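S.K.: Using my numbering, the letters of the sequence shown correspond one by one to residues 2 to 259. Structure in structure tokens, see below.
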Amino acid sequence: MKRIPAALFLLFLLAGCAVGTDYRRPAVDAPAAWRFEEKEAVKTVNPSWWEQFQDPVLNDLIRTALNENKDLLIATARVDEFMGRYGVTRADLFPQASLGATAGRQRLSSESYSGVAPGATPTYENYGATLSTSWEIDLWGKLRRATEAARADLLSTEEARRTVILTLAANVANAYLNLLNLDRQLDIAVRTAETRKESLDLFELRFSGGLVSELELNQVRSEYEQARATIPSLANSVAQQETALNLLLGRNPGPVKR
Numbered sequence: 002m003k004r005i006p007a008a009l010f011l012l013f014l015l016a017g018c019a020v021g022t023d024y025r026r027p028a029v030d031a032p033a034a035w036r037f038e039e040k041e042a043v044k045t046v047n048p049s050w051w052e053q054f055q056d057p058v059l060n061d062l063i064r065t066a067l068n069e070n071k072d073l074l075i076a077t078a079r080v081d082e083f084m085g086r087y088g089v090t091r092a093d094l095f096p097q098a099s100l101g102a103t104a105g106r107q108r109l110s111s112e113s114y115s116g117v118a119p120g121a122t123p124t125y126e127n128y129g130a131t132l133s134t135s136w137e138i139d140l141w142g143k144l145r146r147a148t149e150a151a152r153a154d155l156l157s158t159e160e161a162r163r164t165v166i167l168t169l170a171a172n173v174a175n176a177y178l179n180l181l182n183l184d185r186q187l188d189i190a191v192r193t194a195e196t197r198k199e200s201l202d203l204f205e206l207r208f209s210g211g212l213v214s215e216l217e218l219n220q221v222r223s224e225y226e227q228a229r230a231t232i233p234s235l236a237n238s239v240a241q242q243e244t245a246l247n248l249l250l251g252r253n254p255g256p257v258k259r
């Protein structure tokens with residue numbers, strides 16, 4: 002059986018220890034210039050876009066959500082976690098050093114076996130210091146790859162947090178606007194029922210005087226009952242919308258100030 006040359010075996014061994022080549026970003030077919038100038042783009046994209054509604058209540062709700070929402074707090078905590086991991090992993094690329102110091106004081110007893118020499122001080126102090134250094138040479142690129150992976154995790158986690166912020170602000174704004182819309186519908190339903198009740202009262206008086214038929218009176222009464230029946234359903238929708246908004250705000254269900 003033929004023996005594998007030692008040089009060839011060593012080559013295979015070194016190839017097996019290799020971690021990988023340096024990452025190179027693939028070429029992207031991008032336009033030569035931006036569609037908008039930088040100043041115009043800044044005016045177009047407003048990070049606090051909800052402030053354009055000039056609604057102090059909406060501003061306060063979104064501010065509360067950004068401070069109290071559980072999903073955002075979790076996303077922020079994950080960013081802090083991965084930032085710590087990246088710092089620890091990156092530190093492995095550099096030399097490590099540790100410094101220690103000790104200090105002590107002892108007193109010899111006159112009753113000890115050796116005793117204390119005449120004129121000698123029975124107490125003495127001692128001090129010591131230690132210094133140690135270590136450096137793992139990244140010969141195969143293991144530490145570099147680990148650092149690159151940790152940095153990629155950190156960046157992706159930060160982008161996830163930004164996505165949560167944008168989604169949260171949009172959901173709060175939509176929930177608030179839907180709540181205002183339901184409030185308006187409920188107000189219209191209440192006023193419609195009040196108007197129908199006034200008409201019913203009038204028709205009852207006219208029916209008593211023989212000015213309208215019973216059929217006309219029943220028709221007006223039916224319109225009033227239909228208008229009144231929509232109020233509980235709309236009130237329930239308002240309560241459900243308040244619950245959904247409170248969930249985004251990290252609060253317990255309850256009324257929403259507006």
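All C-beta atoms, glycine included, are put in the ideal place defined by N, C-alpha and C. None of these values were measured; they are calculated from a predicted model.
According to the Cβ coordinates, are VAL257 and ARG162 closer than 8 angstroms?
M.R.: As a position in the sequence shown, residue 257 is number 256, starting the count at 1. As a position in the sequence shown, residue 162 is number 161, starting the count at 1. Contact: no.
S.K.: Alpha carbon to alpha carbon, how far is VAL213 from ALA174? Give it in angstroms, no decimals.
M.R.: Translated into the one-based positions of the sequence shown, residue 174 becomes position 173. Translated into the one-based positions of the sequence shown, residue 213 becomes position 212. So the two alpha carbons sit approximately 50 angstroms from each other.
S.K.: With a floor of 4 residues, list each alpha helix (DSSP H) that falls wholly inside the region 230-254, ordered by position along the chain.
M.R.: With a minimum length of 4 residues, no continuous alpha helix (DSSP H) run stays inside the region 230-254.
S.K.: Does DSSP put MET2 in a helix, in a strand, or in coil?
M.R.: The residue labelled residue 2 in the question sits at position 1 within the sequence shown. Reliability fails at MET2, whose pLDDT of 45 lies under 50, so the model's placement of it is uncertain and no value is given.
S.K.: Quick check: the Cα distance between TRP51 and SER238, rounded to an integer number of angstroms?
M.R.: Along the sequence shown, read from residue 1 onward, the residue named residue 51 stands at position 50. Along the sequence shown, read from residue 1 onward, the residue named residue 238 stands at position 237. Straight-line Cα distance between these residues: approximately 24 angstroms.
S.K.: Using beta-carbon positions only, say whether ILE166 and LEU67 come within less than 8 angstroms of one another.
M.R.: Taking the first residue of the sequence shown as position 1, residue 166 is located at position 165. Taking the first residue of the sequence shown as position 1, residue 67 is located at position 66. A contact, by the Cβ cut-off of 8 angstroms.
S.K.: Please report the straight-line C-alpha distance between TYR177 and ARG185, rounded to a whole angstrom.
M.R.: Working through the sequence shown from its first residue, we reach residue 177 at position 176. Working through the sequence shown from its first residue, we reach residue 185 at position 184. Going by the C-alpha atoms only, they are around 13 angstroms apart.
S.K.: For TYR225, tell me which candidate among ASN247, THR193, ALA236 has the shortest Cα-Cα distance.
M.R.: Against the sequence shown, residue 225 aligns to sequence position 224. The shortest Cα separation from TYR225 among ASN247, THR193, ALA236 belongs to THR193.
S.K.: Would you check whether the ligand SAM has a heavy atom nearer than 7 angstroms to the C-beta of ALA104?
M.R.: The model on display carries no ligand, and the ligand SAM is accordingly not part of it.
S.K.: Does ALA102 come out as helix, strand or coil in the three-state DSSP assignment?
M.R.: Residue mapping note: residue 102 aligns to position 101 of the sequence shown, counting from 1. Looking at ALA102 - three-state DSSP - the assignment turns out to be strand.
S.K.: Rounding to the nearest angstrom, what Cα-Cα distance links ALA34 and TYR87 in this structure?
M.R.: Working through the sequence shown from its first residue, we reach residue 34 at position 33. Working through the sequence shown from its first residue, we reach residue 87 at position 86. Computed Cα separation, rounded: 34 angstroms.
S.K.: What would DSSP say about ASN127, mapped onto helix, strand or coil?
M.R.: Translated into the one-based positions of the sequence shown, residue 127 becomes position 126. DSSP places ASN127 in strand when its eight states are reduced to three.
S.K.: Give the secondary structure of PRO57 by DSSP, where H, G and I count as helix, E and B as strand, and everything else as coil.
M.R.: Locating residue 57 in the sequence shown gives position 56, counting from the first residue. Three-state result, PRO57: helix.
S.K.: So, under 8 angstroms CB-CB, LEU203 and ASN70 are touching, yes? Tell me the CB distance rounded to an integer number of Å.
M.R.: Position 202 of the sequence shown holds residue 203. Position 69 of the sequence shown holds residue 70. So it is not a contact: roughly 52 angstroms between Cβ atoms.
S.K.: Of all the options ASP72, PRO27, GLN53, which has the alpha carbon lying nearest to the alpha carbon of ARG252?
M.R.: As a first step, residue 252 must be located in the sequence shown, where it is residue number 251. ARG252 has its Cα closest to that of ASP72, out of ASP72, PRO27, GLN53.
S.K.: For ARG146, tell me which candidate among LEU183, ASN182, THR164, THR90 has the shortest Cα-Cα distance.
M.R.: As a working mapping, residue 146 is identified with position 145 in the sequence shown. If we check each option's Cα against that of ARG146, THR90 comes out closest.
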